[in-house]
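Novice: Residue numbers (this note's numbering): 179 to 338. For every residue, glycine included, the Cβ atom is placed at its ideal position computed from N, Cα and C. Structure in structure tokens, see below.
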């Protein structure tokens with residue numbers, strides 16, 4: 179499989195909320211980073227995708243939509259643009275997040291995955307007034323990262 183096809187497989191699985199296939203796209207020692215998570219290893223990355231997929235299914239698959247494109251890939255590196263529409267948080271705010279992804283590949287799998295998005299734009303949608311007022315601050319970014327890490331750790335502990 180070429181690396182562009184790997185990216186299409188990954189996002190096709192994400193659109194279908196298929197966390198197992200997503201995890202299978204990573205090397206065992208892969209790294210993932212975005213505004214909320216900094217993860218190491220396919221198991222930890224796979225747990226994050228499974229948690230997010232399950233949360234999406236529980237909160238409202240009615241608005242779930244993922245579109246992807248602008249895929250470019252060569253032997254070592256790749257990129258894509260993707261947009262996800264989903265419900266977030268206890269009050270189910272609808273978010274449209276626009277993300278640019280960068281990849282590094284090894285042995286036909288994703289070894290490094292870095293997602294970038296406008297955190298302030300995201301926080302205004304996901305968090306409402308607090309996000310609008312504080313989304314530009316390092317304090318809120320750190321708070322969101324801490325909460326995301328704690329949520330993933332608690333989710334993993336429940337599953338043994």
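1) Exposed or buried, which one is residue 265 when buried takes at least 16 other CB atoms within 10 Å?
2) For residue 281, list the residues DSSP reports as bridge partners.
3) Would DSSP call residue 188 helix, strand or coil?
4) Can you have a look at residue 324 and say buried or exposed, based on whether 16 or more other CB atoms are within 10 angstroms of its CB?
5) Among residues of its own chain, excluding the 5 on either side of residue 245, which ones have a beta-carbon nearer than 6 angstroms to its beta-carbon?
6) If you draw a straight line from the alpha carbon of residue 248 to that of residue 293, how long is it in whole angstroms?
7) Tell me whether residue 230 sits in a helix, a strand or coil according to DSSP, three-state version.
8) If we ignore side chains and look at the alpha-carbon of each, how far apart do residue 197 and residue 217 end up?
9) Round the Cβ separation of residue 201 and residue 185 to the nearest angstrom and send it over; I've been treating them as touching at under 8 angstroms.
10) Whole angstroms are fine: how far does the CA of residue 310 sit from the CA of residue 281?
11) As a quick exercise: from 286, 313 and 306, pick the residue whose alpha carbon is nearest that of residue 297.
12) Which residues in the same chain have their Cβ closer than 8 angstroms to the Cβ of residue 257, if we skip the five residues on either side of it in sequence?
13) Comparing alpha-carbon positions, which option in 318, 286 and 275 lies nearest residue 206?
14) Run through DSSP, which three-state label would residue 311 get?
15) Below 7 angstroms between beta carbons: does that hold for residue 330 and residue 226?
16) Specify the secondary structure class of residue 237 as computed by DSSP and reduced to three states.
Specialist: In terms of the structure at hand:
1) buried
2) 256 and 291
3) helix
4) It is exposed - the Cβ of residue 324 has fewer than 16 other Cβ atoms within 10 Å.
5) 261
6) Between residue 248 and residue 293, the C-alpha separation is close to 14 angstroms.
7) helix
8) So the two alpha carbons sit approximately 16 angstroms from each other.
9) Residue 201 to residue 185, Cβ: 15 angstroms. No contact.
10) Annotation: residue 281 to residue 310 spans about 30 angstroms, alpha carbon to alpha carbon.
11) 313
12) The residues are 248, 249, 250, 251, 278, 279, 280 and 281.
13) The residue among 318, 286 and 275 with its C-alpha nearest the C-alpha of residue 206 is 286.
14) Note: residue 311 maps to helix in three-state DSSP.
15) yes
16) helix
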